[in-house]
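Report on the structure given below.
Protein chains: 4
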Amino acid sequence: MTRILITGGTVIGPSGATANDVLVDGETIAALYAPGQGAGVAVDRTIEASRKYVIPGGIDVHTHMELPFGGTFASDTFETGTVAAAHGGTTTILDFAVQRSGEVVQDGLAAWHAKADGNCAIDYGFHMILGDINEDSLKAMDYLVDNEGITSFKLFMAYPGVFYSDDVQILRAMQRASDNGAVIMMHAENGIAIDVLVQQALARGETDPKYHGLTRPSVLEGEATNRAIVLAGVAGNCPLYIVHMSASEALEAVAEARHEGRNVFAETCPQYLYLTLEETLAKPGFEGAKWVCSPPIRSPHDEHHHQADLWRGLRMNDIAIVSTDHCPFCMKDQKELGIGDFSKIPNGMGGVEHRMELLYQGVVNGEISLARWVETCSTTPARMFGMYPKKGIIAPGSDADVVVWDPTKQTHIGINGKHHMNMDHSSWEGYVIDGKVDTVLSRGTVVIERDTYVGRKGWGRFVRRGLCQYLV
Amino acid sequence: MTRILITGGTVIGPSGATANDVLVDGETIAALYAPGQGAGVAVDRTIEASRKYVIPGGIDVHTHMELPFGGTFASDTFETGTVAAAHGGTTTILDFAVQRSGEVVQDGLAAWHAKADGNCAIDYGFHMILGDINEDSLKAMDYLVDNEGITSFKLFMAYPGVFYSDDVQILRAMQRASDNGAVIMMHAENGIAIDVLVQQALARGETDPKYHGLTRPSVLEGEATNRAIVLAGVAGNCPLYIVHMSASEALEAVAEARHEGRNVFAETCPQYLYLTLEETLAKPGFEGAKWVCSPPIRSPHDEHHHQADLWRGLRMNDIAIVSTDHCPFCMKDQKELGIGDFSKIPNGMGGVEHRMELLYQGVVNGEISLARWVETCSTTPARMFGMYPKKGIIAPGSDADVVVWDPTKQTHIGINGKHHMNMDHSSWEGYVIDGKVDTVLSRGTVVIERDTYVGRKGWGRFVRRGLCQYLV
Amino acid sequence: MTRILITGGTVIGPSGATANDVLVDGETIAALYAPGQGAGVAVDRTIEASRKYVIPGGIDVHTHMELPFGGTFASDTFETGTVAAAHGGTTTILDFAVQRSGEVVQDGLAAWHAKADGNCAIDYGFHMILGDINEDSLKAMDYLVDNEGITSFKLFMAYPGVFYSDDVQILRAMQRASDNGAVIMMHAENGIAIDVLVQQALARGETDPKYHGLTRPSVLEGEATNRAIVLAGVAGNCPLYIVHMSASEALEAVAEARHEGRNVFAETCPQYLYLTLEETLAKPGFEGAKWVCSPPIRSPHDEHHHQADLWRGLRMNDIAIVSTDHCPFCMKDQKELGIGDFSKIPNGMGGVEHRMELLYQGVVNGEISLARWVETCSTTPARMFGMYPKKGIIAPGSDADVVVWDPTKQTHIGINGKHHMNMDHSSWEGYVIDGKVDTVLSRGTVVIERDTYVGRKGWGRFVRRGLCQYLV
Amino acid sequence: MTRILITGGTVIGPSGATANDVLVDGETIAALYAPGQGAGVAVDRTIEASRKYVIPGGIDVHTHMELPFGGTFASDTFETGTVAAAHGGTTTILDFAVQRSGEVVQDGLAAWHAKADGNCAIDYGFHMILGDINEDSLKAMDYLVDNEGITSFKLFMAYPGVFYSDDVQILRAMQRASDNGAVIMMHAENGIAIDVLVQQALARGETDPKYHGLTRPSVLEGEATNRAIVLAGVAGNCPLYIVHMSASEALEAVAEARHEGRNVFAETCPQYLYLTLEETLAKPGFEGAKWVCSPPIRSPHDEHHHQADLWRGLRMNDIAIVSTDHCPFCMKDQKELGIGDFSKIPNGMGGVEHRMELLYQGVVNGEISLARWVETCSTTPARMFGMYPKKGIIAPGSDADVVVWDPTKQTHIGINGKHHMNMDHSSWEGYVIDGKVDTVLSRGTVVIERDTYVGRKGWGRFVRRGLCQYLV
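Chains as they are written, first to last, in this note's numbering: chain A, 1 to 472; chain B, 473 to 944; chain C, 945 to 1416; chain D, 1417 to 1888.
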C-alpha cells in the first residue's frame, strides 16, 4: 500500500485550522502529526503543502448524472461527471436513484447501480427518489435503510405528473421515515399552483426563459417548505431536509422550525448565492435557457433580499449544506427543446465541478470562514447523510479523501477555462475565482494533480450510508 | 519529556467521534493515530482508554475565585478552585480580574495575577471586569488586548452601586470593543428596576431567600439582554456575549439577533438547566440561601418554560457555551450575612467541579449529543475566547489537555460524595450522575487519576488569549 | 307605517355607549335623540328600555340551513332556523348556497332561493359555495357579484371528494376574486393529510367520536391557513376570510399576514371559545357525536392554548367576527349514522340561537367589552360582507334591526330551557348565561317579545350585498 | 339656545358613513335624522352639507402651547394655538401641564390652568408631565385622577437632565398607574445613549441640524419602547401609550406587545408619515433647524421603511392615534439658538393646524379609509383619554364639536397660504392638500366659516376626563 505524507499544510476542519502533517496509508488516513513529529516516517511520496490548505474532500450531496428528465438525459455520465467533480475538489457525490411510477423500488436502485458501477472516478452514494408511495415502496424504504445503505429519500412537491407527490404520499412516506430513521429530502415548491401560472403565462404568449423565473414566485417555495415542515411534524418528526433552497420565505420557515428545535435542515446551491435572474434567465433571446432550473434563480428586485438572506442563513447554520443540484443539459438538442415554450426547457444546471471554488470565493469575500467552508461543503454533508467519520473530516481512520488547496492561485471557470463537465456551455463562464485546487486524493490515491485527472474509471466505490448523524 | 499514548479510546470532537490513539509528547499532543498505527511508538506510559471517551479538557469560561463580593470573598482560592475543577475534568478556567472603581485597570489585573500566579493546578486566563469606563480605562482596554492576552471585558447591567455600568458607559466600552476587537461580556439584568422590587419586598417583610428569585423577574433579564444587543449594534457591532443566561425572554432576544446575523452569543450554566426555584431558593428557612445567585434559578410555573427553552437553545446553538459562574460562598459566616434580609446574601454558587459531569448527564438524558457536549464545554469556549487550537480540541500541536471519561461508571456529587470545592455545602448534594472522570491530563501531565489529584500547585500557566475566533 | 320609540336605553355601538332614544318609522330607523329630545314625537308604540342595552341586531354570517351533507340534511329549515336565530337576538343570517360539482352556479343559487324565499323570520343573504372552478363558474362569480348581491364565495381545503378544491382551483378562484372584488371564504384544514390520519385511525379500530378530534391536529389547520394566505397573495391579494378558526397556529398565520397589512380576516365560533374536547367529543360512548364538527373542538392539553389565544385574537381584532357555523343534526337518524365509524358522523353543530348570549357572557367574564361584543357580532359582519350601514349599526336610515337586551336577567340554554332549533339535543345543555334578550325588531317589526316569537314566516327578505367594506 | 340643523351631509363615524342630518341644540347634538326626517324641525340656522362630510371635531392629544423648553418658550399661546387648531378642524386639544422637578404637582397644574383659562378658542384638557417621581408626586397622581380630570401622565426616557426619568422612577410611576388606572405616556428614546452620540458628533465638528437626526438612531427608539413595555408589565400592566412613534423598530415592539394582548398603544404624527430627513433636516445651512424635533424625522435610506411601516401600523391599529406633538418655535431668536450646535436647537415643530388636512390626504392617497381617518383623529383619541361619547363621535347627547369638510376643494398650506400658528415659517410650506375645512362648530357654536375664525377667546372649556375607555 502506498504511503503518502502531506506535509507543511494547514489542515482545515469544521472548528478551525491546525498545522498538521497528514499520513496516508493505503486508502485511509493513518496519522496526523504536529509539525516535525512525522519527520522520520517512511513514505512513498511526500506532498508539500506549505502555505496551502489541506481539507477533507468535498461532498456534493445533490447530483443528477444521466437523469432522464424533460424528454432527454442529463448530459454528464457518472464517468464524466465524477471526473469533473474531482477536478473541483469534490471526492464524493450523492446522486439520486429514481423509482419511476409503477416500478419496483429495488429495480430503480439496481438501474442506478448499473449506471455508476465501474464508471466513477470518485466515491458515490445514492439517495432514492420515490415515484410511488404505496405499501410496496414503503416496505422498500425499510429494506433500503436496513440493507442497501440508502438512508435518504426524496419527494417532490413540484413537477405534477412527473415526480410530484401529493400530501397523502408525503405524509405516508414521512411516517415511515419517522419509524425507520431515514431522512426525507424535499423539493419544496407548490408545483400545483406554479403550473397554473405557467399555463397562464404561455397563454399570454410569455414563452421566453425569463418567464420560467417569473412563474415560480418565491412565496410558493416558502409555502411548500412550511407545508413540508408541518407534515413532517404530523408524521412524527422525521428528519426533513429541504433541497436547493433559493428563497427568503423558505429560509424563514426553516429557521422558525429550527428555532423550535425541530430536525429540519436545508441546503442551498452556488447559483442561488451568486446569480441573479436579470443576468441569467432574462438574457436576450434564448440564452437564458442555460440557467433554467427549479427553483429559479431569483431577482434582487424581489420583496426579499434572497441572496443576502441565504448567505446569512449559511453563516448561522439555518442552511447546513451547499450542494450543486448538478443536472447539466447542453443547449444544442437539449435546452433547445424549449424554444418557444419555456416550460419545455429541461430544468437543470451543471456545477458539480465548481462548488468548492465558488464557496471558497465566499471565504475570500468575507461571507463565511474557512472552517465554515469545510463544514458546509464536507463535514456536515458527511454527518447529515451518515458517512462520518469515514468522510468529511481529516482524521486518522477516515478515508483519505483529501484536497490540497492553494489560496495564492486563481481559477478561471468556463468552457474557455477550467471545465470538464459534458456541457457545451458553462453557467459560470468567465468567473475568475481566488484559490485553486492543487492536488486531490480519493481514498489515498492522487486523482488530480497539475490540473490533470490522473485517476481511473471505476476507482470510485459505492458508499453504504448509515442514518443521519446530525440530529439535534 | 514524558511521552504518553492514550490508546483504544473514542476521541470526541465537536463534529463527532473517531477511534484514535493520542500521542502526548511533553506538554502537547504529538500525533493522532488510526487504531494500531501508533503501535510501535516509544512511550513512557500508556493509558488504556478502551470503551472510554477521550475528550479535550473542559474549559470553564466563567469563574470567580476569591472574588470580593457582598462583604466577603468567594471561598475558593485559585488553588482550591482549580484542584476542584481538575477533579471534574476541567483543565482551563477563565476567571474575572476586577478593576474597582477608581483603580487603574492594570493594577486590578496585576492583583489577579498575584492571586493566581503559582497557585493554579490547571491553566487559566482572565477576562477583565471594568469598574470605570473613562478615557483611561478605554485606553487600558486597547492595551490589554494588544499586550496582555486579555481580549474580553465584562460589564454589569445589574448591581447598581457595585459593578453597575449605565448605558453611557456600556455604549462607550462597546464602541471601543468594536474598534479593538474585544468581546463585551454582559451581565444582563435590569438592576435598576430590580432594586425597586427588592426594596419593596423588604419593606413588605419579604426577607426569605425565595424573594431573591421573585424580585428578579425573567422579563427584566430579557429587557437588559435586548438593550445590550441594541447598544452593541449602535456601537458598531462589537461581539457581545451574554453571560449566565437563565430566561426564555433573554434567549428569544439573542436568537432574534442571531437570526439577523449578529455576533451575539450566550452561555448558560448547569443550575439554570437543572434546578428549579421551588426546590432550591424556596426551601424552608434560610436553606435557600445556598442557591442565591443572579440571575436567579427560575420556576417551572413561570409564563415561559425556561429550562426546556435553554436546553433547546443549547442544542440549536443559540446558546454557545456552558460555564458555571462558579462563585462559592459557605453558609457559615458568608451566606448567613443575609439572614433576615435576602439582599444581603452573597450572590453566587459553586460548581466549577461539576459542569462536565452535569452536562454529560444531558447526553445520557438525550438532551444533547456527545459532540455537542464537547463543543459547548470545550471547543466553542476555546474559539470564543481566542485559545483555539491550543485549547478545545484533540489535535496534534494542541496542548495535551485531555480527559479520559468512563461512561460506564457513576459519579456521586455532594460533600458526601465527590466534592473538592471549598464550600461547607454543595448545590448539587445527592445528585448521582452517569459517567465519571477517569484520568485528566493538563498540558501533558496527569493531574487526576483514580479520583486523586496528583498534580502540583502552580503547574497551571496563564493563557494569553487572542481575539474571538467564533465570529460569523 | 308603524312608529316605535325605544326610550331610555343605552345604545351600544362599535365604539361605545350612548344614551339615545331610537325612533323607528316603518322598516328603518328614522332618528336618534338625546334623552328627552324625542319626547314629543308621535309614535304608535313605546318600548321602555331603561337599564337595558339597545344594540343592532346580531348578524350570523355562517349558517347552513337544510344543508345536504353526510348523507342527510341539516335539521333546521330556513323557517325553524331563522325563528331560533330571532329568539337569540340575531336578525340577519348569511347562509351558504351550494353549487354542486357539475351544476350551473346560478341553478345552485336558485335552489337556495327557493328554500329560503317566503320562509324566513328574519333577513338573510347568501354566500356561494363553488363545487367547481372552471371557466363557467368563474364567469358566474362575476355575474353573481354584479347582479345577484352575492359577493363572497367559499372554498374548502378539507373534505376531499365532497367540497374539496385543490390548489389549482383555489388559485384560479382567488385570481378572479382579485379582479371582481369578491371575498374568498376558506375552510382551512389540510383535508388530504387529515384523511390519511382518519383512515389509519379507523384501521386501528379507533372509531369513537373523540378520534374525530384527534385525527384533525391543529397544525393542519395552521398549514392550510398559511397556504390560503400565500395563494391569495399570489392571486393578486383578493380579500381572504378564514371561517371557523379554532387553532392557535391558524391565528398566528392570520395575525402575521395582518401585521404585514394584508386583507386577511378570520372568524371564530362560540364552540371554539368555550368548549373543550374532553368535555364534548371525548364523552363516553357515542354522546361525543353531538359535538362533531370541523375543525374539531380542541383540547386544553394541546401544545397551544387555543381558547385563550382565540379570545385574545378576538380582543385584538386578529379575529374580526364571531359566527356560529350553525349546521345542526339530530342524534337520532343523523349523528347515529356514524356509530362505529366517526368519519360517518355528519359534521356540524347547531348554535344560531345562542351566539349573542354566549358572547355576552364573554363581556360579563371580562373577555371583551360591550362595544367589542356589538362590533364582532353585528357591525363588522355588516361591513365585511357589504351590508353597512343598512345593517350592523343603530343609525338613522338603517334597517330597524334592533335588540333590546336585559343585562339583569339570565338565560337558561338547552332543550330543557331556551331552545328553538330543530335538534333533539343542545350543544350547550345546561349553560346559564347572564343577560337575556328582551325584545327583537326585524326591519321595524317586533318579532320577539316576552320570550315569544310574534313575527311571521316570510317576513325575512333577501339582502343583496355589496363588496367588502372592511378592507385596509 | 341656538338650534342648528346640518343637513344633506354624509356623517363619517369610525365604522363608516351614514346619510344623516344633525340637529344641534345649544352646546350638544340633540338628534340625528334619516334624510328628510328632520324636515320640520324648528332651527335657527341650517348648514347645508350636501356632498360634504360631517365629522366629529378633531382631537389633538399632543400639544405643547407656551412650553418652556430649550431656553425659550413654544411660540403659540393657548390663544393663538387653539385658533390655529380650529382653523384646521380640531376642536379639542390635550396639552401637557408640567411639574418641574422640585415643584408640587398641583402647582404645576395650576400654572397651566392659569395659562389656558379664558384664552382658548376650543375645548382643552391636560395630561401631566411628572418631573419628579416620589411619594408626593405619586400621591398627586391619585389626586389628579380622582379629582382633577387628569388621567394620563407623561414620562421621558429622553432628555437627561431635563425631563428624563430613570427606570426606578418609571417603574414606580407605572406601579401607581396600575393601581389608579391612569395611562402612562412615554417619550421612548434612550436619551442616555443618544447623548453619548450627540457629544461625540459635536466633538467631531458635526454641528449642523442634520446631525440631530443622525445621532438619534431608530434602534434607540425601539429599545426604549421595548423597555417601557417590559417595565409596564413588571409594574402590573398599567396602560402604556407611546407618544410620537417614528421608527419601525418601535412599531415592532408595540405590535408584538399588542399581539400578546397587552394594553400598549401608540400614536404617530404627520411629520413621520410624510417627511424625510433628506428633505428637511439635511437642507443646506441652518434651514434644517425648522424640522428639529425628537424623535427625528427618519430617512428612507434606513434599514427599515419607517414611513411605509407607520402607515401600515396606522391601518392595522398597531398605531391608534395621530397627534401633532405641536411645539412650535420661530427660526428667529428661537431655532437660531442652535446655530453652530444642533443640540441647542429647541426641539419641536408646529402642526396643530394641519393634522386633519394632512391625514385626509392619506385618505385621498389610499393609505387609510374615511372611517379610519375619523377614528384615528377623533374617536380613538376620545376613547383613549376618557372623553367618549362627549367627544369623538357624532351622536345625540355628545358635544356639538362638528366639522363640515368639503372634499371638492383644496387647501394650500404654509405661511404663504393657510397658516394661523404663531411661527415665522411653516414645516409644510407649499403643501397643497385635497379637501378643505368648510365649517367648524365647537360645542354648538360656529367658530370657523369661510376660512375665518368667528369664535371668541375663552370659549374653550377645560375637559375633565375619565379613565381610558380603550382597554382590551
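Note that beta-carbon positions come from the ideal geometry of N, C-alpha and C, so glycine has one too.
| Query | Result |
| --- | --- |
| A/Ile133 versus A/Ile194 - alpha carbon distance | 23 Å |
| Local conformation of D/Lys1626 per DSSP, three classes | helix |
| Chain D contact for C/Pro1333 (CB, 8 Å cutoff) | yes |
| Touching by the beta-carbon criterion (3+ pairs, under 8 Å), the stretch 492-511 of chain B and the stretch 903-922 of chain B | yes |
| Same chain only: Cβ atoms within 6 Å of C/Ala1041, ignoring 5 sequence neighbours per side | Gly1052, Leu1053, Trp1056, Phe1070, Met1072 |
| D/Met1800 to D/Phe1745 span [Cα, whole Å] | 28 Å |
| Per DSSP, the bridge partner or partners of A/Pro68 | A/Phe73 |
| Residues within the stretch 240-263 of chain A neighbouring chain B, beta-carbon criterion of under 7 Å | Ala255, Arg258, His259, Gly261 |
| Range of the contiguous alpha helix (DSSP H) that encloses A/Ala140 | 135-143 |
| Separation of C/Pro1161 from C/Val1208, as counted between CA atoms | 22 Å |
| Closer than 8 Å at the beta carbon, the chain C residues around D/Leu1448 | Ala975, Leu976, Ala1339, Pro1340 |
| Where the alpha helix (DSSP H) containing B/Phe550 begins and where it ends | 550-559 |
| Cβ neighbours of A/Gly70 in the same chain (closer than 6 Å, five flanking residues each side left out) | Pro346 |
| Proximity test, Cβ basis, 8 Å: C/Arg1473 and chain D | Residue 1473 of chain C is absent from the model: chain C starts at 945 and stops at 1416. |
| Buried versus exposed call for D/Glu1551 [16 or more other C-beta atoms within 10 Å across all chains shown] | exposed |
| Whole-Å CB distance - C/Ile1003 paired with C/Thr1036, under 8 Å assumed | 4 Å |
| A/Asp166 vs A/Leu251 beta-carbon contact at 8 Å | no |
| Sufficient close CB pairs (3 or more, under 8 Å) joining the stretch 1430-1438 of chain D to the stretch 1119-1127 of chain C | no |
| Burial state of B/Gln882, where buried means 16 or more other Cβ atoms lie within 10 Å | exposed |
| Chain G within 8 Å of A/Gly118, Cβ atoms only | Looking at the structure shown, chain G is missing, and the protein chains on hand are A, B, C and D. |
| Spatial distance of C/Glu1200 from D/Arg1678 (CA atoms) | 17 Å |
| Straight-line Cα distance separating C/Ala1029 from D/Ile1737 | 37 Å |
| DSSP three-state assignment for C/Glu1133, whether helix, strand or coil | coil |
| Distance CB(C/Ile1392)-CB(C/Glu1301) smaller than 8 Å | no |
| Where the stretch 949-966 of chain C meets chain D: residues whose CB sits under 9 Å from a CB there | Val955, Gly957, Pro958, Ser959, Gly960, Ala961, Thr962, Ala963, Asn964, Asp965 |
| A/Arg227 (DSSP reduced to helix, strand or coil) | helix |
| C-beta contact flag for A/Met349 and A/Trp291 at 8 Å | yes |
| Minimum Cβ-Cβ distance from D/Arg1588 to chain B less than 8 Å | yes |
| Between the CA atoms of B/Ile840 and B/Gly834 - distance to the nearest angstrom | 6 Å |
| Contact set between the stretch 765-791 of chain B and chain A, restricted to residues whose Cβ is under 8 Å from the partner | Arg784, Arg787, Met788, Asn789, Asp790 |
| Length of the line joining the Cα atoms of B/Gly603 and B/Gly590 | 26 Å |
| Where C/Gln1113 falls, given that 16 or more other Cβ within 10 Å makes a residue buried | buried |
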